[in-house]
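These notes are about the structure you will find just below.
Number of protein chains: 2
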Amino acid sequence: MILDKINMPNDLKNLTIDELNTLAQEMRELIVKKVNTTGGHLGPNLGIIETTIAMHYVFNCPEDKIIFDVSHQCYPHKILTGRKEGFLNPEKYGVFTGYTAPEESPCDLFKVGHTSTSVSLATGIAKARDLAGGKENVLALIGDGSLSGGEAYEGLNNAATLNSNIIIIVNDNDMSIAENAGGLYQNLKLLRDTKGKAELNFFKSLGFEYFYEDDGNSIEAMIEAFKKVKNADRPTVLHVKTLKGCGLRRAEINKERFHYIMPGMADSREFDEINPVKPAPQAETYASITTDFILKKAREDKRIIAISPATPGAYGFTKEFREKLGNQYTDVGIAEEHAVAYASALAKGGAKPILSVMSSFIQRTYDQLSQDLCLNTSPITLLIHWGAISGADCTHLGTFDIPLISNIPNMVYLAPTNKEEYLRMLEWSVEQNEHPVGIRVPFNALKSTGVSDTTDYSKINRFKMTQNGEKLAIIGAGNFYELAMTVAQEVQCKLGFKPTVINPLFLTGVDKEMMDSLKCSHSLVITLEDGCLDGGFGEKISRYFGNSDIRVLNFGADKEFTDRVPLQELYQRYHLTPELILEDILKALPISV
Amino acid sequence: MILDKINMPNDLKNLTIDELNTLAQEMRELIVKKVNTTGGHLGPNLGIIETTIAMHYVFNCPEDKIIFDVSHQCYPHKILTGRKEGFLNPEKYGVFTGYTAPEESPCDLFKVGHTSTSVSLATGIAKARDLAGGKENVLALIGDGSLSGGEAYEGLNNAATLNSNIIIIVNDNDMSIAENAGGLYQNLKLLRDTKGKAELNFFKSLGFEYFYEDDGNSIEAMIEAFKKVKNADRPTVLHVKTLKGCGLRRAEINKERFHYIMPGMADSREFDEINPVKPAPQAETYASITTDFILKKAREDKRIIAISPATPGAYGFTKEFREKLGNQYTDVGIAEEHAVAYASALAKGGAKPILSVMSSFIQRTYDQLSQDLCLNTSPITLLIHWGAISGADCTHLGTFDIPLISNIPNMVYLAPTNKEEYLRMLEWSVEQNEHPVGIRVPFNALKSTGVSDTTDYSKINRFKMTQNGEKLAIIGAGNFYELAMTVAQEVQCKLGFKPTVINPLFLTGVDKEMMDSLKCSHSLVITLEDGCLDGGFGEKISRYFGNSDIRVLNFGADKEFTDRVPLQELYQRYHLTPELILEDILKALPISV
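Protein chains in written order, with this note's numbering: chain H, 12 to 604; chain S, 12 to 604.
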């Protein structure tokens, strides 16, 4: 195996082109096998193997600095920079993250998992080099949809004025996660069609030197291309055409589905070209009832419009769903800032926008939520997906959306606990005209009570008391309402009294009347929230009871970035199991209990 | 006066060009007089008078929709849309806001005060029109630096694909607040120099139809230009060259200083062309000690670099200061997202970045603070200016930076209370290598203790007890430390005991040891913070004491957008006067006191 000889990028430099091509084939097989076992980003990594080999062949890493955008196309880079064991040895598949990680290798500069950051980061690295009088190359590798994010543009705009070496590699595979959306991609197409020769050139207009390479999956061509830009003395763009999913036919054909795959998809019969086996129909999920709801509403009302910032697959906005919606659907590309402002204006214009965003990516929009949306009290429906404590990478945590969203004036942030509540909230939110409404889509398996919810959500901050008890009140928000119920049963069973249980429904305020009513027969209130405690929901309850005899305990996540820590370990750490909560309750309750 | 006849834009349509020109002159005089009396944005409004008149002459507002970016160039629009009294009558100068405001006129669609939002908002309005089958024109008027913001680009990228009417007016006065920064502005210059004919065209590259008008200060020319784009059936850019400050010579010459003026500047002798009178040297301010500190450090250490996202004047980064720093200064343009990522990478590259941002504008960077900066624990110094409760416009409140910043893991957010603490914090922050550090620059008048601060700020979350007392502990953060001292004196005087006073220094955590030490001899803790309570500092204290006998009262601002409410009225509303705090203390303390 050629790969046996490669421990660091320098080891590439003695290989022939034939050997490099063999290496690419070895790497491709390893990546498919590993990702098909663990799940992960497949298409982007298959597309960038040859470019990565050529890049490390021409440049000198770690002296030369390479910053990967999103970094979900860094697997080939990882294999070449001391981490091949994570791909060769199934037992070590889990050792390295799916993103760049400075603690793993001197060839990684940043922990990166959000898109559109590489150019800004590279500009800073290049400027620091200039201040220190260095001469090394600084590269940003961007593509795969990331160019539509505002931060990428802000970075390009500043990078162009750097007056020294910075090389932006645009990996153009004609795809974002789904199809590319936005005017820029028309220009990339024109440039591809003219092999980089069109006069109309986005990058040149910003002031970059510009080079084009039509075959990013040819190591030989890419070596020549990189040699042309190496040691450039001014800001330079190398626009490279690659094939997403290159080398795995089903990934080349089904680019969107193979962007990120679940284990087994690389050999699943679902993607056989002849006689594919249709997957068994899925049970109802929160994603499926969301899309069913939107489709039904959209048919009835032409003002309904669904919006996604380039992650439609994450919440079930399949190609079929999008096609059914037609002009009642917009994928704005990776552009959450625009998505929020756009939705706000749609609502002002009389439309009924439903915007779906991942918890971790709504972080890109604080100011738009504040200024474009909430200051203007536009009645949009914002669905926040994947908001929960999880074993995710440190770059994709869903624990910060409550602090982020719920402290913005005028916002109404709802936390449903079952199907019926969720559907009722959706219906209310879409039809009302007064509030910007966020709904934290449950992250649990779908739970149905079978009983229609009749709550009037226009009564803002009115909590629901689902069990009227004494001594202890348990407020379980959203995903953690079930945990609250479990704790309540344990308390009754082990401590011999029936506690009060409250489903707050709202994360943005306090039901003062209900809280006051607790004072006469309760001495302890506990709050449970599936997110970061700092700035979160529970602290509002603590503040409210600060000047009273009621004691309060807040349960939720610490303010920290966790990195692939198993969920059960996090629950132990944060005392989020019924047993540990019970222990804390026992310590906090007066001895008389 | 021609203006007597103008109550709504339609009234323009019967006027001759001569009359329109006279009207422009009348409006110019009114704007200079008004702004020179009240203070406000002058240069941008003087530059856009003729364009605004022509726009309202050609289009039909409010049927046609016009969205102003930042909206600090909306004064001429306000005069023509029913609000001329606010400029004619000195007694009504304060009646209308300096920004667009839907509650004032049907011709305003959004409350806008942050930049770079107009294209996104217009895209939403246009799409809503398309869904409803409407035919009206939708215009965004952007310029004056706003084009560098990421949201503007995200909006352009989506607007270009709209396939229907949207008209982006680019008001190109070759200036941001200070000089324009970024590659895009080279392209705008090329387009101006070639009267719009250059092949290399940023807007065309994104897919827009493009028109250029060289004389945006000619009503006649602009009428013709607007007629060309009216009823365009696809996304269109009209690039207009205007003169910032047009018609007031000193504003034309001193564009940056006359962007926003204080009362009297229009006739101050400081700007006389012959024998200008130098203003008296200013007393020391937090801005002046900041720039002195940066200049001194930068001379000693070439790795020091100061960064501003296009608002250098707001914190004393004068032209002279910038020139002295040379390549140790970057104005990234209006691009806070990039600014944070750039600073983070500079620090990773070994430089020592000091980034200054306004409290209200740091809102544009939550995700960059989280992912680019704090996840990577880059040691930058982030100076947050104007963070305080104030009588500002609803778009420029400085009350949300504590909730925004202090709940992000790894961040250290400091709140100095005097000159010596501030300088010590600056020195520590710049020289340390472990933490992303924010400093909330005091908004009070400068206060000097005359005694060097020797605190070791590497001991994170260690509060400072400045008065050791009993029963009551008053934690006064940053700007409100002085208020805490005043309250303490009142308590001693009126209640006859000496309370404890604490300067927390850190806004990002709790000094558990010190808090625990309070338990034996205190029954009440109060917190004072100059910002929004929800998600803020005080709630962390409330949570910490939730399960104890200590009662806690948090004082600070409610979660609301206030709009030019006088500061004293807000202090009354939030119980932030010594008298009202004392009343609340009396109610909360056990009767035995």
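Glycine included, each C-beta is placed from N, C-alpha and C at the ideal position. No experiment lies behind these values; they were computed from the predicted model shown.
Shortest alpha-carbon distance to residue i belongs to which of the options?
{"i": "Ile-513 of chain H", "options": "H:Gln-503, H:Gly-489, H:Lys-505", "result": "H:Gly-489"}
{"i": "Thr-63 of chain H", "options": "H:Phe-79, H:Ala-317, H:Glu-571", "result": "H:Phe-79"}
{"i": "Gly-409 of chain H", "options": "H:Leu-201, H:Asn-148, H:Ser-371, H:Val-343", "result": "H:Ser-371"}
{"i": "Tyr-104 of chain S", "options": "S:Glu-442, S:Phe-70, S:Gln-583, S:Thr-49", "result": "S:Thr-49"}
{"i": "Ala-456 of chain H", "options": "H:Thr-466, H:Glu-190, H:Thr-428, H:Pro-447", "result": "H:Thr-428"}
{"i": "Glu-165 of chain S", "options": "S:Ala-346, S:Pro-287, S:Asn-418, S:Leu-425", "result": "S:Ala-346"}
{"i": "Ile-596 of chain H", "options": "H:Leu-544, H:Lys-505, H:Asn-100", "result": "H:Lys-505"}
{"i": "Gln-500 of chain H", "options": "H:Gln-478, H:Pro-20, H:Leu-516", "result": "H:Gln-478"}
{"i": "Ile-395 of chain H", "options": "H:Gly-449, H:Leu-158, H:Asp-378, H:Gly-547", "result": "H:Gly-449"}
{"i": "Gly-480 of chain S", "options": "S:Tyr-196, S:Ile-60, S:Tyr-468, S:Met-496", "result": "S:Met-496"}
{"i": "Leu-539 of chain S", "options": "S:Pro-515, S:Met-525, S:Ser-559", "result": "S:Pro-515"}
{"i": "Ser-417 of chain S", "options": "S:Lys-363, S:Asp-467, S:Leu-518", "result": "S:Leu-518"}
{"i": "Thr-302 of chain H", "options": "H:Thr-92, H:Pro-290, H:Gln-339", "result": "H:Gln-339"}
{"i": "Ile-264 of chain H", "options": "H:His-250, H:Asp-283, H:Thr-511, H:Thr-460", "result": "H:Asp-283"}
{"i": "Pro-290 of chain S", "options": "S:Gly-275, S:Leu-393, S:Glu-115", "result": "S:Gly-275"}
Reducing DSSP to helix, strand and coil, say where residue i ends up.
{"i": "Ile-345 of chain H", "result": "coil"}
{"i": "Gln-478 of chain H", "result": "strand"}
{"i": "Lys-252 of chain H", "result": "strand"}
{"i": "Ser-146 of chain H", "result": "Sequence check: residue 146 of chain H is Lys here, not Ser. It is coil, neither helix nor strand."}
{"i": "Glu-190 of chain S", "result": "strand"}
{"i": "His-396 of chain H", "result": "strand"}
{"i": "His-88 of chain S", "result": "helix"}
{"i": "Arg-333 of chain S", "result": "helix"}
{"i": "Thr-126 of chain S", "result": "coil"}
{"i": "Tyr-433 of chain H", "result": "helix"}
{"i": "Glu-501 of chain S", "result": "helix"}
{"i": "Glu-74 of chain H", "result": "coil"}
{"i": "Thr-62 of chain S", "result": "helix"}
{"i": "Val-81 of chain S", "result": "coil"}
{"i": "Asp-522 of chain S", "result": "coil"}
{"i": "Arg-245 of chain H", "result": "coil"}
{"i": "Ser-534 of chain H", "result": "strand"}
Identify the contact partners of residue i in chain H, using a Cβ-Cβ distance below 7 angstroms as the criterion.
{"i": "Pro-420 of chain S", "result": "Lys-570, Glu-571, Phe-572"}
{"i": "Ser-553 of chain S", "result": "Glu-550, Ser-553, Arg-554, Gly-557"}
{"i": "Gln-379 of chain S", "result": "Glu-162"}
Which same chain residues end up closer than 7 angstroms to residue i when comparing Cβ atoms and leaving out the 5 residues on each side of it in sequence?
{"i": "Glu-162 of chain H", "result": "Ser-127, Thr-128, Ser-131"}
{"i": "Arg-203 of chain H", "result": "Asp-183, Lys-252"}
{"i": "Ser-355 of chain H", "result": "Asp-383, Leu-384, Asn-387, Ser-389, Ile-391"}
{"i": "Val-536 of chain S", "result": "Ala-484, Ile-486, Leu-529, Ile-552, Phe-556, Ile-561, Val-563"}
Residue i touches chain S at which residues, Cβ-Cβ below 8 angstroms?
{"i": "Cys-405 of chain H", "result": "Leu-386"}
{"i": "Pro-414 of chain H", "result": "Pro-414, Asn-418, Gly-546"}
{"i": "Asn-169 of chain H", "result": "Ala-192, Gly-193, Gly-194, Thr-341, Val-343, Gly-344, Ala-346, His-349, Tyr-353"}
Taking Cβ-Cβ distances shorter than 9 angstroms, what residues in chain H pair up with residue i?
{"i": "Ile-316 of chain S", "result": "Lys-138, Ala-139, Leu-142"}
{"i": "Gln-503 of chain S", "result": "Within 9 angstroms Cβ-Cβ: nothing; Gln-503 of chain S doesn't reach chain H, min ~22 angstroms."}
Could you pull out every residue in the same chain whose Cβ sits closer than 8 angstroms to the Cβ of residue i, ignoring the five residues on either side in sequence?
{"i": "Val-462 of chain H", "result": "Glu-431"}
{"i": "Tyr-585 of chain S", "result": "Ile-400, Phe-566, Gly-567, Ala-568, Asp-569"}
Tell me which same chain residues have a C-beta within less than 6 angstroms of the C-beta of residue i, skipping the five on either side of it?
{"i": "Phe-214 of chain S", "result": "Tyr-221, Val-248"}
{"i": "Ala-170 of chain H", "result": "Val-130, Thr-134, Ile-177, Pro-246"}
Along chain H, which residues have their Cβ under 8 angstroms away from the Cβ of residue i?
{"i": "Ala-599 of chain S", "result": "Asn-558"}
Going by DSSP, name the residue or residues bridged to residue i.
{"i": "Lys-363 of chain S", "result": "S:Ile-315"}
{"i": "Met-369 of chain S", "result": "S:His-396"}
{"i": "Pro-613 of chain H", "result": "This structure gives no information on residue 613 of chain H, because the portion of chain H shown stretches from 12 to 604."}
{"i": "Cys-543 of chain H", "result": "H:Ala-568"}
Could you name the residues of chain S that residue i contacts, counting a contact when the two beta carbons are closer than 7 angstroms?
{"i": "Gly-360 of chain H", "result": "Gly-135, Ile-136, Ala-139, Arg-140"}
{"i": "Lys-122 of chain H", "result": "Leu-386, Asn-387"}
Mind listing the chain S neighbours of residue i? Cutoff is C-beta to C-beta under 9 angstroms, in chain order.
{"i": "Ser-370 of chain H", "result": "Residues of chain S passing the Cβ test: none, with the nearest at roughly 12 angstroms."}
I'd like to confirm something about residue i: is its beta-carbon nearer than 8 angstroms to some heavy atom of the ligand SAM, or not?
{"i": "Thr-62 of chain H", "result": "With respect to the ligand SAM, the structure shown offers nothing to examine, as it has no ligands at all."}
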